[in-house]
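A.B. asks:
There are 4 protein chains.
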Amino acid sequence: MLEEIKEKVFEANLELQKKKVVLYTWGNASEIDREQGLVVIKPSGVPYEELSPQKMVVVDMTGQVVEGKLRPSVDTPIHLYLYRNFEQIGGVAHTHSSYASAWAQANLAIPCLGGTHSDYFYGDVPCTRRLTADEMDQLETNTGKVIVERFQDLDYNAIPAVLVAFHGPFTWGKDAYQAVFHSVVLEEVARIAYFTHGLNPGIERMPQSLLDRRYARKHGKGAYYGQQAP
Amino acid sequence: MLEEIKEKVFEANLELQKKKVVLYTWGNASEIDREQGLVVIKPSGVPYEELSPQKMVVVDMTGQVVEGKLRPSVDTPIHLYLYRNFEQIGGVAHTHSSYASAWAQANLAIPCLGGTHSDYFYGDVPCTRRLTADEMDQLETNTGKVIVERFQDLDYNAIPAVLVAFHGPFTWGKDAYQAVFHSVVLEEVARIAYFTHGLNPGIERMPQSLLDRRYARKHGKGAYYGQQAP
Amino acid sequence: MLEEIKEKVFEANLELQKKKVVLYTWGNASEIDREQGLVVIKPSGVPYEELSPQKMVVVDMTGQVVEGKLRPSVDTPIHLYLYRNFEQIGGVAHTHSSYASAWAQANLAIPCLGGTHSDYFYGDVPCTRRLTADEMDQLETNTGKVIVERFQDLDYNAIPAVLVAFHGPFTWGKDAYQAVFHSVVLEEVARIAYFTHGLNPGIERMPQSLLDRRYARKHGKGAYYGQQAP
Amino acid sequence: MLEEIKEKVFEANLELQKKKVVLYTWGNASEIDREQGLVVIKPSGVPYEELSPQKMVVVDMTGQVVEGKLRPSVDTPIHLYLYRNFEQIGGVAHTHSSYASAWAQANLAIPCLGGTHSDYFYGDVPCTRRLTADEMDQLETNTGKVIVERFQDLDYNAIPAVLVAFHGPFTWGKDAYQAVFHSVVLEEVARIAYFTHGLNPGIERMPQSLLDRRYARKHGKGAYYGQQAP
Numbered sequence: 002m003l004e005e006i007k008e009k010v011f012e013a014n015l016e017l018q019k020k021k022v023v024l025y026t027w028g029n030a031s032e033i034d035r036e037q038g039l040v041v042i043k044p045s046g047v048p049y050e051e052l053s054p055q056k057m058v059v060v061d062m063t064g065q066v067v068e069g070k071l072r073p074s075v076d077t078p079i080h081l082y083l084y085r086n087f088e089q090i091g092g093v094a095h096t097h098s099s100y101a102s103a104w105a106q107a108n109l110a111i112p113c114l115g116g117t118h119s120d121y122f123y124g125d126v127p128c129t130r131r132l133t134a135d136e137m138d139q140l141e142t143n144t145g146k147v148i149v150e151r152f153q154d155l156d157y158n159a160i161p162a163v164l165v166a167f168h169g170p171f172t173w174g175k176d177a178y179q180a181v182f183h184s185v186v187l188e189e190v191a192r193i194a195y196f197t198h199g200l201n202p203g204i205e206r207m208p209q210s211l212l213d214r215r216y217a218r219k220h221g222k223g224a225y226y227g228q229q230a231p
Numbered sequence: 002m003l004e005e006i007k008e009k010v011f012e013a014n015l016e017l018q019k020k021k022v023v024l025y026t027w028g029n030a031s032e033i034d035r036e037q038g039l040v041v042i043k044p045s046g047v048p049y050e051e052l053s054p055q056k057m058v059v060v061d062m063t064g065q066v067v068e069g070k071l072r073p074s075v076d077t078p079i080h081l082y083l084y085r086n087f088e089q090i091g092g093v094a095h096t097h098s099s100y101a102s103a104w105a106q107a108n109l110a111i112p113c114l115g116g117t118h119s120d121y122f123y124g125d126v127p128c129t130r131r132l133t134a135d136e137m138d139q140l141e142t143n144t145g146k147v148i149v150e151r152f153q154d155l156d157y158n159a160i161p162a163v164l165v166a167f168h169g170p171f172t173w174g175k176d177a178y179q180a181v182f183h184s185v186v187l188e189e190v191a192r193i194a195y196f197t198h199g200l201n202p203g204i205e206r207m208p209q210s211l212l213d214r215r216y217a218r219k220h221g222k223g224a225y226y227g228q229q230a231p
Numbered sequence: 002m003l004e005e006i007k008e009k010v011f012e013a014n015l016e017l018q019k020k021k022v023v024l025y026t027w028g029n030a031s032e033i034d035r036e037q038g039l040v041v042i043k044p045s046g047v048p049y050e051e052l053s054p055q056k057m058v059v060v061d062m063t064g065q066v067v068e069g070k071l072r073p074s075v076d077t078p079i080h081l082y083l084y085r086n087f088e089q090i091g092g093v094a095h096t097h098s099s100y101a102s103a104w105a106q107a108n109l110a111i112p113c114l115g116g117t118h119s120d121y122f123y124g125d126v127p128c129t130r131r132l133t134a135d136e137m138d139q140l141e142t143n144t145g146k147v148i149v150e151r152f153q154d155l156d157y158n159a160i161p162a163v164l165v166a167f168h169g170p171f172t173w174g175k176d177a178y179q180a181v182f183h184s185v186v187l188e189e190v191a192r193i194a195y196f197t198h199g200l201n202p203g204i205e206r207m208p209q210s211l212l213d214r215r216y217a218r219k220h221g222k223g224a225y226y227g228q229q230a231p
Numbered sequence: 002m003l004e005e006i007k008e009k010v011f012e013a014n015l016e017l018q019k020k021k022v023v024l025y026t027w028g029n030a031s032e033i034d035r036e037q038g039l040v041v042i043k044p045s046g047v048p049y050e051e052l053s054p055q056k057m058v059v060v061d062m063t064g065q066v067v068e069g070k071l072r073p074s075v076d077t078p079i080h081l082y083l084y085r086n087f088e089q090i091g092g093v094a095h096t097h098s099s100y101a102s103a104w105a106q107a108n109l110a111i112p113c114l115g116g117t118h119s120d121y122f123y124g125d126v127p128c129t130r131r132l133t134a135d136e137m138d139q140l141e142t143n144t145g146k147v148i149v150e151r152f153q154d155l156d157y158n159a160i161p162a163v164l165v166a167f168h169g170p171f172t173w174g175k176d177a178y179q180a181v182f183h184s185v186v187l188e189e190v191a192r193i194a195y196f197t198h199g200l201n202p203g204i205e206r207m208p209q210s211l212l213d214r215r216y217a218r219k220h221g222k223g224a225y226y227g228q229q230a231p
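Chains as they are written, first to last, in my numbering: chain A, 2 to 231; chain B, 2 to 231; chain C, 2 to 231; chain D, 2 to 231.
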């Protein structure tokens, strides 16, 4: 069942570790099969060394396990909430990567300060509002809710990342691999932004004209980065 | 004698090096056999490359070597003091990991700023008071004393780590491996807290409701993280 | 065609990754054959693992591909602009290395603070002015233009590096390898300068007499560093 | 000639690279044979990958090459100056390690803030005064001079390290290996001190009683760290 996606999700999860954005089991990546309405996700708390494609868990859109002997990631309801509301995404990833988590703990958006950022995120990477005490009961689902709420006036395709206040980053993309790729890029962007802030706390964002221009090099119809036909 | 524990303590000490929380010989881990009242600990000042399970030292609760040709870690009296006073712990670890040591040198507790912290430590990781000049004679024993003193009104099971002022971190757990695991987690928590402080020195702690909720995901009867039955 | 240079450019690009100044495909190095007026450069967006000398792209001084099936780096017009205006250079490199990019994002020159810097860069590593909105149309060519503009009163041989505002560093040298070498050195210089700034934001530059003296140890007729005859 | 020392100096220089305190060729270590009045030192500017014991250079106390085809390190006069004036040392090392160099560039001593520091350096690691313009002619010899000058009222055996203003650290010890060991330890001490400063710029030194007590654990007649007989 969904063997190809399991393989992809397995590889994407390993990439989180190879790129050093997770410590121990702190991270997870998933991918959705939109036609079948099924999501493949990493099992909860299993060391990366013991993972295999067969250990990936298949859940339906309500979070019920459809295949797999292991329990899915505790963050599964967050992934599902995002899949339900961001209808064009195919993969989701979550880490506690150090610099991105620091911005999340500081309850600050990562300001768009330069080309490294604007090549992948079209503007600030936003930070959610805090959850209220009432929202604790359904912690994971409500985490999904505040993410989606934060993107009410933002384009989730153009900014495929968010910081959850007092927690850490979530990213997404067309598939599990791209979601993970955005997690790795986000951590580096958060790191450079941290250093920039250290040099000049009165951070000024990059000019809008440059942001538009650089983003367009890699995204949209006029993109000319890489080897794809324009 | 205690072959299984020697193997575990040996592996736990190696993990300190693999996870890069020790430089040269700066760290030690131990485990206690509560029934026999014996502790297995790393020998003092032996390079990690030369360690083996057989080189682990067995001491009794007074610090006398019961088995082993090498001298035990100079910090042995601290470990013993903790085992005597924290009766439910089974392992202790000590490092000079960089970020945790910086908080210790600054005589500051690591504030509980987000999910990475609260998943393992239920509230601030406290810093001990300074030792007085009179307490220098029995440096190690008194280091144990100020740690226990600091936990008079704290739950050592819920916060399995401490910073010793002007020195560095000690951690504990149900066995040597978990004590080491907490050392590694603490260093990452200290690191993210350092960056958060850099972004916003007026650090605000995470809301109590979120702290309670997140900690409960991994600890206690209602825990649902990982593969253990709830 | 230009097989030897292709091999050198390939090796130089790999060095960028080995020295960890690029993440994913974020960097490029080139070398010029001045006699033929041809430049060998990395293809755009190809993972380092898939590169080979044969995949390097040969372009003429107008940017037309003369040999190679792949599209050249999107930054090719910047490289060409530098080759046309800095007539004594033979290689160019570009990265988004973390600390150098932070200085670029802060729109600050890297001040010349000590021997590590002055051994390779004779004075501050300058930062360009910002591009105007009008200059966005020809982003890459105009990036080259503001670099050359910035060096109007500076010696590009003595300071083989620049920061492009809101973007990142470019470096150059007698060949592709030396350009890459300068990228790696620049990142370390930017890193030490960042830490120095953290210790003392009122940074004072090193004395001119020491700058002159140290630079002369490695450069010019009286140089006596290394194994070359003086 | 001095084959054993060449081997030791070769290994000590490699350790500089293994412990990541040098980039490219930026570092050197030497050892003296006090009876013969000869010093074995790394050749100048040779990549670590190409080094071998046979390539080490033997010089006499005036800096004349006695054996070896390569030119000795440009810093040889500094090493010799230290050997002449610090009569009990047997090895010297020099690096541009990042954090120690930052303190040197900031013209600040590394304050003695905790146990990691005081285990190896009995008090602040001092920074030299700046060289005057007149002292540039004999840059290396005068660098040695300001180091020795700085230790007029300090015990070079108890503080085996110094920062040279606007330059970087020099360390020493009983042999080349210990000098290198002190370079590695110094970098970590400088790093933790940098973080401590970031948390609390009004740095307070550790109490003298604790400094005395900790240093004595590893040094002098009453030392009880490690496996040597007390």
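For every residue, glycine included, the Cβ atom is placed at its ideal position computed from N, Cα and C.
Just the chain C side, please: which residues come within less than 7 Å of arginine 214/A by C-beta, in chain order?
C.D. replies: By Cβ distance, chain C contributes Met137, Leu140.
A.B. asks: Can you list, in chain order, the residues of its chain whose CB lies under 8 Å from that of leucine 71/A, leaving out five sequence neighbours each side?
C.D. replies: Pro44, Ser45, Val47, Lys56, Val58
A.B. asks: Would you tell me roughly how many angstroms separate the C-alpha atoms of glycine 64/C and glycine 38/C, rounded to the nearest one?
C.D. replies: Going from the Cα of glycine 64/C to the Cα of glycine 38/C covers about 11 Å.
A.B. asks: Can you name, in chain order, every residue of its own chain whose Cβ lies under 6 Å from the Cβ of leucine 211/D, other than the five neighbours on each side?
C.D. replies: none
A.B. asks: Determine the direct distance from the alpha carbon of valine 10/C to that of methionine 137/C, and round the result to whole angstroms.
C.D. replies: 29 Å
A.B. asks: Given a cut-off of 7 Å, decide if histidine 80/D and tryptophan 27/D are closer than it, judged by their beta-carbon atoms.
C.D. replies: Contact flag unset, no.
A.B. asks: Could you run through the segment 63-90 of chain A and flag, in chain order, every residue whose CB is less than 8 Å away from some CB of chain B?
C.D. replies: Residues of the segment 63-90 of chain A with a C-beta atom less than 8 Å from some C-beta of chain B are Leu71, Arg72, Val75, listed in chain order.
A.B. asks: Reducing DSSP to helix, strand and coil, say where tryptophan 104/A ends up.
C.D. replies: helix
A.B. asks: Three or more C-beta pairs closer than 8 Å, one from the segment 88-96 of chain D and one from the segment 125-134 of chain D: is that the case here?
C.D. replies: no
A.B. asks: Where leucine 3/B and glutamate 36/B are concerned, what is the direct C-alpha to C-alpha distance, given to the nearest angstrom?
C.D. replies: 12 Å
A.B. asks: Using three-state DSSP, classify histidine 80/B as helix, strand or coil.
C.D. replies: Residue state for histidine 80/B is assigned as helix, using DSSP reduced to three classes.
A.B. asks: Counting pairs of beta carbons, one from the segment 104-119 of chain B and one from the segment 164-172 of chain A, are three or more of them closer than 8 Å?
C.D. replies: These segments touch.
A.B. asks: For glutamate 68/B, collect the residues of the same chain with a Cβ closer than 7 Å to its Cβ; drop the 5 residues on either side in sequence, then sort them by chain order.
C.D. replies: Met2, Val59
A.B. asks: Out of His95/A, Gly145/A, Ala191/A, Ala177/A, state which residue places its alpha-carbon closest to the alpha-carbon of arginine 85/A.
C.D. replies: Gly145/A
A.B. asks: Check for me: the beta strand (DSSP E) holding alanine 162/D runs from which residue to which?
C.D. replies: 162-164
A.B. asks: When the Cα of leucine 109/D is compared with those of Tyr216/C, Phe196/C, Gln228/C, which residue comes out closest?
C.D. replies: Phe196/C
A.B. asks: Rank Ala105/C, Thr142/C, Thr172/C by C-alpha distance to the C-alpha of alanine 30/C and give the top, closest one.
C.D. replies: Thr172/C
A.B. asks: Helix, strand or coil for leucine 52/B, going by three-state DSSP, please let me know.
C.D. replies: Collapsing the DSSP output to three states places leucine 52/B in coil.
A.B. asks: So with Cβ pairs under 7 Å, would you call asparagine 14/B a contact of chain A?
C.D. replies: no
A.B. asks: Residues of chain A with CB closer than 7 Å to the CB of glutamine 106/C, please, in chain order.
C.D. replies: Leu114, Gly115, Ile193, Thr197
A.B. asks: Find the nearest neighbour of glutamate 16/B within the set Pro161/B, Asp34/B, Val186/B, judged by alpha-carbon distance.
C.D. replies: Val186/B
A.B. asks: Which of the three DSSP states, helix, strand or coil, is assigned to glycine 174/A?
C.D. replies: Here glycine 174/A sits in strand by DSSP.
A.B. asks: Taking only beta-carbon positions, decide if serine 210/B is within less than 7 Å of chain A.
C.D. replies: yes
A.B. asks: Confirm, please, whether the CB-CB distance from proline 54/D to lysine 7/D is below 7 Å.
C.D. replies: yes
A.B. asks: Can you tell me which of the three DSSP states threonine 142/B falls into?
C.D. replies: Helix, per DSSP.
A.B. asks: Specify the secondary structure class of isoleucine 204/B as computed by DSSP and reduced to three states.
C.D. replies: coil
A.B. asks: So, for proline 78/A: in the same chain, excluding its five sequence neighbours on each side, which residues have a beta-carbon less than 7 Å away from its beta-carbon?
C.D. replies: Gly64, Glu141, Thr142, Gly145
A.B. asks: Considering only the beta carbon of each residue, do alanine 180/D and isoleucine 111/D sit closer than 7 Å?
C.D. replies: Pairing alanine 180/D with isoleucine 111/D gives a Cβ-Cβ distance that is not under 7 Å.
A.B. asks: Alpha carbon to alpha carbon, how far is glycine 223/B from glutamate 50/A?
C.D. replies: 27 Å
A.B. asks: Beta-carbon within less than 8 Å of aspartate 156/B's beta-carbon, same chain only, minus the 5 sequence neighbours each way: which residues are those?
C.D. replies: Here the set comprises Tyr123.
A.B. asks: Listed in chain order, which residues of the segment 23-49 of chain D have Cβ atoms closer than 9 Å to some Cβ of chain C?
C.D. replies: Leu24, Tyr25, Thr26, Trp27, Pro44, Ser45, Gly46, Val47
A.B. asks: From the DSSP output, read off the bridge partner residues of glutamine 39/D.
C.D. replies: The sequence given here has leucine at residue 39/D, not glutamine. DSSP, once it has assigned bridges, lists Asp34/D, Asp61/D as partnering leucine 39/D.
A.B. asks: Give the residues of chain A in contact with arginine 131/C, contact being defined as C-beta atoms less than 7 Å apart.
C.D. replies: Pro208
A.B. asks: Is the Cβ of asparagine 235/D closer than 7 Å to any Cβ of chain B?
C.D. replies: This structure cannot settle anything about residue 235/D, because the visible part of chain D is limited to 2 through 231.
A.B. asks: Going by the beta-carbon positions, is the gap between valine 22/C and isoleucine 33/C smaller than 7 Å?
C.D. replies: no
A.B. asks: Residues of chain D with CB under 9 Å from histidine 97/B, in chain order?
C.D. replies: Going along chain D in sequence order, the residues near histidine 97/B (Cβ under 9 Å) are Gly115, Gly116, Thr117, Asp120, Glu189, Ile193.
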